[in-house]
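Chains as they are written, first to last, in our numbering: chain A, 1 to 263; chain B, 264 to 647; chain C, 648 to 954.
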Amino acid sequence: MVHLLETEKLTIRFGGLAAVNEVDLTVDHGETVGLIGPNGSGKTTFFNLLTGIYRPTEGSIRYAGENLVALPTFKIAKQGIARTFQNNRLFLNLSVLDNVLIGMHPHQDSNWFDAIFRRRYVEKEIEKGVEKGLELLSQFSEELASHCYQRAGDLPQADRRKVEICRALASNPKLLLLDEPSAGMSPAETEELMEDIRRVRQKVRGIGIIIIEHDMAVIREVADRVVVLNYGRKIAEGTFQEISSNELVLEAYLGREEKNAQA
Amino acid sequence: MRSRTLGRAILLIGVETIFFILFAAFMMTFDTMKIVLFILFFIGIGLLFTKWDRARHVLTNLFKELKIFASLWFVVLLLTVPFVFQSSPYLIHICVMAGLFAILALGLNFQLGSTNVVNFATAASYGIGAYASALLAVHFHISFWLGLLIGGSLASLFGLLLGIPCMKTKDYYLSLVTIAFGLIIYILLINFTWTGGPNGIPNIPPPSLLGHSFKDPIHLLGYQLPFQSNYYYLIFILVGGSLVVAHRLHHSRVGLTWNAIREDEIAARCHGIDVTWYKILAFCIDAFFGGVAGTVYSHYIGFISPENFAFIVSVVVVTMVILGGMDNVFGVIMGAILLTILPEKFRAFEDFRILIYGIIIITMLRFRPQGLFPQKMRIYKKNG
Amino acid sequence: MAEIAQQLINALLLGCTYTLIAIGFNLFFGALNVVHFSHGDVCILGAFMILILYGVAKWIGAIAVFPPFLLVPLMILIAMFLTGLIGTFFERVVIKPFRYAPLLMVLVATVALGMVIRETVRLSFPHGSNPQIFPRILPATSFQWHGVLLRLDNLIIFGTTIFLISLMFLFIQKTRMGAAIRAVSQDTEAAAMMGINIDRTVAMTFLIGSALGAIAGILIGAYNNIIRFDMGLMGGVKGFSAAVVGGLGNVYGAIIGGLILGLVETFAAAFIPGGTPYTDVFAFLVVIFFLIFKPSGILGEKVYEKV
Ligand SMILES: Nc1ncnc2c1ncn2[C@@H]1O[C@H](COP(=O)(O)OP(=O)(O)OP(=O)(O)O)[C@@H](O)[C@H]1O
Ligand SMILES: [Mg+2]
Chain A
1 MVHLLETEKL TIRFGGLAAV NEVDLTVDHG ETVGLIGPNG SGKTTFFNLL
51 TGIYRPTEGS IRYAGENLVA LPTFKIAKQG IARTFQNNRL FLNLSVLDNV
101 LIGMHPHQDS NWFDAIFRRR YVEKEIEKGV EKGLELLSQF SEELASHCYQ
151 RAGDLPQADR RKVEICRALA SNPKLLLLDE PSAGMSPAET EELMEDIRRV
201 RQKVRGIGII IIEHDMAVIR EVADRVVVLN YGRKIAEGTF QEISSNELVL
251 EAYLGREEKN AQA
Chain B
264 MRSRTLGRAI LLIGVETIFF ILFAAFMMTF DTMKIVLFIL FFIGIGLLFT
314 KWDRARHVLT NLFKELKIFA SLWFVVLLLT VPFVFQSSPY LIHICVMAGL
364 FAILALGLNF QLGSTNVVNF ATAASYGIGA YASALLAVHF HISFWLGLLI
414 GGSLASLFGL LLGIPCMKTK DYYLSLVTIA FGLIIYILLI NFTWTGGPNG
464 IPNIPPPSLL GHSFKDPIHL LGYQLPFQSN YYYLIFILVG GSLVVAHRLH
514 HSRVGLTWNA IREDEIAARC HGIDVTWYKI LAFCIDAFFG GVAGTVYSHY
564 IGFISPENFA FIVSVVVVTM VILGGMDNVF GVIMGAILLT ILPEKFRAFE
614 DFRILIYGII IITMLRFRPQ GLFPQKMRIY KKNG
Chain C
648 MAEIAQQLIN ALLLGCTYTL IAIGFNLFFG ALNVVHFSHG DVCILGAFMI
698 LILYGVAKWI GAIAVFPPFL LVPLMILIAM FLTGLIGTFF ERVVIKPFRY
748 APLLMVLVAT VALGMVIRET VRLSFPHGSN PQIFPRILPA TSFQWHGVLL
798 RLDNLIIFGT TIFLISLMFL FIQKTRMGAA IRAVSQDTEA AAMMGINIDR
848 TVAMTFLIGS ALGAIAGILI GAYNNIIRFD MGLMGGVKGF SAAVVGGLGN
898 VYGAIIGGLI LGLVETFAAA FIPGGTPYTD VFAFLVVIFF LIFKPSGILG
948 EKVYEKV
């Protein structure tokens, strides 16, 4: 069977530093993979490779059987890979709804000519988008849907993360990349987030998710399989139980802490 | 219900007419002291309006509810301008220039305001439009109306050329490219012999429509309107058209995409936006507007030289966009009008004009970067 | 052969000017990640300083009393210092407020600042729109050497430039302040955490950059025998171009970039028939070529934008 995503020996070097080093990783349809590792282990860089922001030094990325390496970022996005960002990159001066509408860019098709001369067509498109956007938002929070004209930059952190996920989902992705979605959330909000992810998995059949998280509770709850990175290398892979008793993993995390304690 | 609407309509007509009369009176004032008083008065009204919430609400609601009616009456008032200024063609001339700059500013706004691409080559596309149509008219007797299209298209082609480097560069580098392009065009215009070199092109024929030359006065309803009125009405239509185009682009997928690029280019890419293409598009549309404005300018003045398209013109247009309010179509037009009319009113300080522009830019960016009229959130009609 | 040698000398001189301006661009970009679009105008202020100082010296009679080899270096030093101070002042007033604002703002603000500088100069000199005669501060002797005409003033200019640039490199490599400048340009936040006073370091950077730029302004004046209020616009764009060609942020790149531009312009003027009026066009085409095919410049490294 063809995996939804398959990377092989994926590597990128920044000068001497191999931020991601020969990482093999697969995601199947409908599967949620947790990607964990200490700070600076290359998780975000891995996402940047998948989305074409960085070009790999070596290795391949196959998505639905197709090679993604060397495709520009926007084309990769059009193929159905959507992501959120670790430090949240909403379009801050636009409204919540506009943020979500931009998420729909890949499968809208009106161009400048339509905008100027085919007003009806454009209005239809907007109308459909608004309807879909509001529906998406209200699934995550009625509150957000009713304040959809608020400036995104005025939202509290937790809401921003939600909008970011909505924006990513608005493109009907087949593969969703979440970079530390629970960062800066309270326990209650994290709980809600897990609920949201579960719901997305249920509603969007076959969606593959890679989720980077430092909160192990989230990983335990939502991930079918966990991949652990350390210094850019994959050091372990398996279910949450397997990982949590893996020597290498414990060392990677504890080793860090000891070093921190000494410093 | 009916009488209520009628009352509101009358109120609306009243408000608009009073403002129009104030504007006309201001334009016809030439005494510096009185001009200053006028300006203080306008600023006072502006402040009052921002502070006094109730009045603002009433008026904005009024305009929103009777939007079409309000715009219609506004159009009617603007159409009377040549009648009001019938005896002082100079004032009509100022209005024409304001309109030209409004077109330039609207064009630049697609880049500077919507997309955050700082383009310092407005003067170049303006110049290309002007020179192209002037040369065609002088040497090949091509009519102004065809020239308008050709001038716009050639400028647009230039915009495309200018936009190509933005595949690889952005920010400072892209601005450098635009400055360099602008200077290149200027140097070429000065040195080419077939463009008339530093002396430019004289005797550009005026347009004519249905046998009526734009050099002749208009006879209408027993009035004789000075020849500038021809251009006033032409510019009126062109600004109107540009306004509609700008407004429609803003409220479409294209405008939204430009905004996404402005806010965060990487996030935009990750949402499937072909940033390069949309930037090039902004370059082309901007240049088209510039080319159109240039064509009108050359045929209106009848004489062009490279000095009309120097770097400073680009900066002036940038000032207009920043002062008026980036990405606010109405604000940008206001910026253009203000910065055309005010310098004319303060002719005594002509020498300080550019210095003051510079100071305005720095002060605005520092203390009110959103401009006089900040951009507004898009509000979508509630459906069903 | 002699012709080419002669042109090479011209190219070298022009290159020196551009290098001096470009060093400023690179220093500022290193320190603050800004491009100070009005730097060219600040540089030309150096030339106007000389104009003023010369006038003052004449007025108080110093010209008649002191020999030129004492007076001229003194005037240049004062002009450098004053221009440096002005540059620092502009950083405080126009650039610093935008440190955390979107890049567009500081870009437009510095372009506007350039306008303000030019207009202020124009308005403060009598007949400011016209070119001003630049005083002859250097000896006008020249001599032949293997068929190449060497002008003494050019040799002095060239020697001074090399001396000053070396001095600046020494300063940056060997002193504490220099180390701070390097640290800030590597990583501002880390430098701040190490206890480096960022504001002072940035101010120092602008002092050095603008003072070196003043020399460039004086060179332009001495070479053309005139200065005009708006020469800084072209000078700034060329200096920035040189910095970009060499690799923006890389101080050594300024030298390479400056020389390349100097070569392109001189040789375009000398060897392309009818090319003289279009030298700037050729220079810009080279820059645009670089921007498209090697945006990071000759010495610049490819940077990955952190996401
Ligand atoms: N653009 C870049 N240039 C140079 N080095 C980089 C770049 N991006 C990342 N790195 C380096 O690559 C390594 C991995 O960084 P990355 O951001 O992927 O870690 P991470 O696993 O996401 O960490 P965290 O948990 O803190 O988010 C780090 O050492 C980082 O400094
Ligand atoms: Mg990370």
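Just so you know, even glycine gets a beta-carbon here, dropped at the ideal spot from N, CA and C.
Proximity test, Cβ basis, 8 Å: residue i and chain C
{"i": "residue 367/B", "result": "no"}
{"i": "residue 549/B", "result": "no"}
{"i": "residue 434/B", "result": "yes"}
{"i": "residue 595/B", "result": "no"}
{"i": "residue 479/B", "result": "no"}
{"i": "residue 522/B", "result": "no"}
{"i": "residue 647/B", "result": "With a pLDDT of 40 at residue 647/B, under the threshold of 50, the modelled position of that residue is not reliable, and the figure given next carries that caveat. Not closer than 8 Å to any Cβ of chain C, the Cβ of residue 647/B fails to qualify, so no."}
Neighbourhood of residue i by C-beta distance below 7 Å, restricted to the same chain and skipping five residues each side
{"i": "residue 261/A", "result": "Confidence at residue 261/A is low in this model, with a pLDDT of 47, below 50, so the placement of that residue should be treated as unreliable; the coordinate-derived value is given next. If we look at residue 261/A and ignore the five residues flanking it on each side, it has no Cβ neighbours."}
{"i": "residue 41/A", "result": "229, 230, 231, 232"}
{"i": "residue 650/C", "result": "none"}
{"i": "residue 788/C", "result": "799"}
Chain-order list of residues whose beta-carbon lies under 6 Å from that of residue i (same chain, five-residue window excluded)
{"i": "residue 45/A", "result": "19, 20"}
{"i": "residue 863/C", "result": "664, 667, 668, 690"}
{"i": "residue 906/C", "result": "662"}
{"i": "residue 80/A", "result": "173, 174"}
{"i": "residue 312/B", "result": "319"}
{"i": "residue 734/C", "result": "689, 853, 857"}
{"i": "residue 382/B", "result": "374, 441"}
{"i": "residue 468/B", "result": "400"}
Chain A contact for residue i (CB, 8 Å cutoff)
{"i": "residue 640/B", "result": "yes"}
{"i": "residue 486/B", "result": "no"}
{"i": "residue 634/B", "result": "no"}
{"i": "residue 225/B", "result": "The structure shown does not extend to residue 225/B, since chain B spans only 264 to 647, so no value can be given for it."}
{"i": "residue 515/B", "result": "yes"}
Sequence-distant residues of the same chain with beta carbon closer than 8 Å to residue i, five excluded per side
{"i": "residue 259/A", "result": "A caution first: residue 259/A carries a pLDDT of 48, below 50, which makes its placement in the model unreliable, though a value can still be read off. For residue 259/A, where only same-chain residues beyond five positions count, there are no Cβ hits under 8 Å."}
{"i": "residue 646/B", "result": "Because the pLDDT at residue 646/B is just 47, under 50, the model does not fix this residue reliably, and the point stays unresolved."}
{"i": "residue 486/B", "result": "346, 349"}
Test: residue i CB closer than 8 Å to a CB of chain B
{"i": "residue 772/C", "result": "no"}
{"i": "residue 28/A", "result": "no"}
{"i": "residue 66/A", "result": "no"}
{"i": "residue 222/A", "result": "no"}
{"i": "residue 880/C", "result": "yes"}
{"i": "residue 140/A", "result": "no"}
{"i": "residue 688/C", "result": "no"}
{"i": "residue 173/A", "result": "no"}
{"i": "residue 105/A", "result": "yes"}
Check: residue i C-beta below 7 Å from any heavy atom of ligand 4
{"i": "residue 215/A", "result": "Looking at this structure, you won't find ligand 4 anywhere; what it does contain is ligand 1 and ligand 2."}
Chain D contact for residue i (CB, 8 Å cutoff)
{"i": "residue 420/B", "result": "Judged by its chain identifiers, the structure shown contains no chain D, and its protein chains are A, B and C."}
### Query
Hey, is the segment 98-109 of chain A in contact with the segment 178-189 of chain A, meaning 3+ C-beta pairs nearer than 8 Å?
Not touching, per the Cβ criterion.
### Query
Along the chain, which unbroken stretches of the alpha helix (DSSP H) at least 4 residues long are found entirely within the segment 697-777 of chain C?
Fully enclosed alpha helix (DSSP H) runs of 4 or longer: 709-712, 715-737, 750-771.
### Query
Is the segment 916-936 of chain C touching the segment 696-704 of chain C, taking contact as three or more C-beta pairs under 8 Å?
With the cut-off at 8 Å, the segment 916-936 of chain C and the segment 696-704 of chain C do not touch.
### Query
Within the structure, which residues are defined as neighbours of ligand 1 by a Cβ-heavy atom distance below 5 Å, reported in chain order?
Sorted by chain position, residues whose beta-carbon lies closer than 5 Å to a non-hydrogen atom of ligand 1 are 14/A, 19/A, 39/A, 40/A, 41/A, 42/A, 43/A, 44/A, 45/A, 951/C, 953/C.
### Message
Between the segment 289-303 of chain B and the segment 606-616 of chain B, can you find at least three pairs of beta-carbon atoms closer than 8 Å?
### Response
Cβ pair count under 8 Å is three or more, so yes.
### 3 or more residues per run - each beta strand (DSSP E) lying fully within the segment 159-212 of chain A
Segments of the beta strand (DSSP E) lying fully in the segment 159-212 of chain A: 175-179, 208-212.
### Query
Between the segment 533-550 of chain B and the segment 426-439 of chain B, are three or more C-beta pairs nearer than 8 Å?
Counting Cβ pairs under 8 Å, three or more are found: they touch.
### Query
Touching or not, the segment 78-98 of chain A and the segment 147-166 of chain A, by the rule of three or more beta carbon pairs under 8 Å?
Touching, yes.
### Query
Any chance the segment 392-401 of chain B sits against the segment 547-566 of chain B, with 3 or more Cβ pairs inside 8 Å?
For the pair of segments examined, the segment 392-401 of chain B was found to touch the segment 547-566 of chain B: the number of CB pairs separated by less than 8 Å reaches three.
### Task
Only counting runs of 3 or more residues, tell me where the beta strand (DSSP E) segments fall wholly within the segment 438-518 of chain B, in order along the chain.
Listed in chain order, they are 481-483, 486-488.
### Message
Across the segment 409-425 of chain B and the segment 381-390 of chain B, are there enough close Cβ pairs to call them in contact, namely three or more that are closer than 8 Å?
### Response
The segment 409-425 of chain B is in contact with the segment 381-390 of chain B.
### Ordered list of beta strand (DSSP E) runs contained in the segment 806-858 of chain C, each at least 3 residues
For the segment 806-858 of chain C, not a single whole beta strand (DSSP E) run of length 3 or above is found.
### Query
Just checking, does the segment 461-478 of chain B make contact with the segment 332-346 of chain B on the three C-beta pairs under 8 Å criterion?
Cβ pair count under 8 Å is below three, so no.
### Meets three-Cβ-pair contact criterion under 8 Å: the segment 321-330 of chain B and the segment 623-640 of chain B
In short, these stretches do not touch, since the Cβ pair count stays below three.
### Query
Can you find at least 3 beta carbon pairs, one from the segment 564-572 of chain B and one from the segment 400-417 of chain B, that sit closer than 8 Å?
Two segments are said to touch when three or more pairs of C-beta atoms, one from each, lie closer than 8 Å; by this definition the segment 564-572 of chain B does not touch the segment 400-417 of chain B.
### the segment 62-74 of chain A touching the segment 610-619 of chain B, judged by at least three CB pairs closer than 8 Å
No, the segment 62-74 of chain A does not touch the segment 610-619 of chain B.
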